[in-house]
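Under this note's numbering, the sequence shown has 476 at position 116, and the numbering climbs by one with no breaks.
Where is the CB? At the ideal position from N, CA and C, for every residue including glycine.
Report on the structure given below.
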Amino acid sequence: MLLTTLSPVEVPDPKLAWAAAQWAHDRPLISCRFDPSGQFVFCGSEDRVAERFRLSDGAKVLLTGGHETWVNAFAFSADGSVVVSGGCDGRLCWWTAAAETPQLIRTVQAHGTAWVRALAVSPDGTLLASGGNDNMVRLWNLADGVLVREIPGHEKHVYSVTFHPDGKSLFSGDLGGSVRQWDVQTGAEQRKLDATPLFSYNGGQQVDFGGGSWLAVSPDGKCLAAG
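This is the structure we're talking about:
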């Protein structure tokens with residue numbers, strides 16, 4: 361993993377970035393997320409474990425016993441005390457994020473045997489959204505891992521989920537480039553956006569790729585970016 365420092369300007373220039381630290385992994389990386397406190401970075405890779413690096417000195421701790429395969433996504437409680445990881449085993453795992461040795465709090469078989477692709481926490485910190493290869497979006501109570509709502513509607517794997525800043529809507533994007541907006545309280549579809557130009561099919565490998573892999577809502581809630 362490469363940790364870079366950006367230039368101290370309003371809009372960072374990638375040309376002015378430099379390597380601040382480099383930490384080796386035995387297997388390819390899949391996901392990296394900073395915790396809310398800015399003290400740690402959590403990484404998921406193909407080695408079936410999550411790892412936490414302390415930014416001040418690079419000290420590494422393994423989060424073991426949760427997943428049986430690749431770790432794809434992370435999301436944090438508002439205070440950073442809890443981190444949830446999602447893996448290709450369909451599981452969500454809750455961990456004590458800041459403890460000297462992070463402990464597994466609970467495991468939920470969230471998407472059956474289908475991969476968990478994306479996680480997001482609501483602005484008020486109460487809900488966790490997950491999306492996966494079963495074409496489903498699910499909402500969970502972040503505090504206890506109880507399922508709040510299932511949201512069907514996607515026809516392909518759900519690759520991304522993100523909340524609107526007001527917490528009333530949730531956006532999800534799938535492999536085919538379909539982006540949906542959902543009412544968080546009811547699960548009703550509010551809008552369907554066409555991002556199919558992001559999707560393509562590799563005839564040689566006979567696989568789909570692209571789609572709505574990443575979503576981001578502007579802080580004022582007026583714009584949605586998909587890529």
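Reference residue i, options the options, closest by Cα
{"i": "N501", "options": "W383, L488 and R412", "result": "L488"}
{"i": "K582", "options": "D554, F523, T486 and D494", "result": "F523"}
{"i": "L423", "options": "G404, F436, T556 and A435", "result": "G404"}
{"i": "Q622", "options": "L584, L507 and Q463", "result": "Any answer about residue 622 is impossible in this case: the structure gives the chain only from 361 up to 587."}
{"i": "R498", "options": "A548, G536, P557 and G537", "result": "A548"}
{"i": "A311", "options": "T467, G533, T456 and K528", "result": "An answer regarding residue 311 cannot be provided, because it is not within the stretch 361 to 587 covered by the chain."}
{"i": "G513", "options": "M496, E406 and A435", "result": "M496"}
{"i": "P557", "options": "V539, R551 and Q550", "result": "V539"}
{"i": "Q382", "options": "A480, R414 and T486", "result": "R414"}
{"i": "S391", "options": "D543, A410 and L507", "result": "A410"}
{"i": "W455", "options": "K516, R387, I511 and A503", "result": "A503"}
{"i": "E406", "options": "H385, V421 and P396", "result": "H385"}
{"i": "Q545", "options": "A435, P388 and S529", "result": "S529"}
Beta-ladder partner(s) of residue i, from DSSP
{"i": "V442", "result": "T456"}
{"i": "L422", "result": "E411"}
{"i": "S532", "result": "V521 and R540"}
{"i": "A478", "result": "G491"}
{"i": "S391", "result": "G404"}
{"i": "E428", "result": "Looking at the DSSP assignment, E428 forms no beta bridge with any residue, so it has no partner."}
{"i": "G447", "result": "V431"}
{"i": "T467", "result": "C453"}
{"i": "E510", "result": "R498"}
{"i": "K582", "result": "DSSP, once it has assigned bridges, lists no residue as partnering K582."}
{"i": "D554", "result": "S538"}
{"i": "E515", "result": "None, per the DSSP bridge assignment."}
{"i": "A576", "result": "A585"}
Within 9 angstroms, strictly: CB atoms of residue i and residue j
{"i": "S441", "j": "A419", "result": "no"}
{"i": "V431", "j": "S437", "result": "no"}
{"i": "P408", "j": "T429", "result": "Rather than Pro, the amino acid found at residue 408 in this sequence is Arg. Result yes, Cβ atoms of R408 and T429 sit closer than 9 angstroms."}
{"i": "S445", "j": "H427", "result": "yes"}
{"i": "G505", "j": "R466", "result": "yes"}
{"i": "A586", "j": "L553", "result": "yes"}
{"i": "G527", "j": "P462", "result": "no"}
{"i": "G447", "j": "V476", "result": "yes"}
{"i": "L464", "j": "G425", "result": "yes"}
{"i": "P525", "j": "V577", "result": "yes"}
With 16 other Cβ atoms within 10 Å as the buried cut-off, status of residue i
{"i": "P579", "result": "exposed"}
{"i": "V518", "result": "buried"}
{"i": "G398", "result": "exposed"}
{"i": "A433", "result": "buried"}
{"i": "S520", "result": "buried"}
{"i": "Q566", "result": "At Q566, the pLDDT of 46 sits below 50, so the modelled position is not reliable; the number obtained from the coordinates is stated separately. Q566 should be labelled exposed."}
{"i": "S416", "result": "exposed"}
{"i": "G571", "result": "buried"}
{"i": "L507", "result": "exposed"}
{"i": "T365", "result": "Note that T365 scores 47 on pLDDT, short of 50, meaning its location in the model is unreliable and no value can be drawn from it."}
{"i": "L362", "result": "Caution applies to L362, whose pLDDT of 48 falls short of 50 and renders its modelled position unreliable; the model cannot decide the point."}
{"i": "D449", "result": "buried"}
{"i": "L575", "result": "buried"}
{"i": "R451", "result": "buried"}
{"i": "D543", "result": "exposed"}
{"i": "T473", "result": "exposed"}
{"i": "D439", "result": "exposed"}
Any chain D beta carbon closer than 9 angstroms to residue i
{"i": "R466", "result": "The chain inventory of the structure shown lacks chain D, comprising one protein chain alone."}
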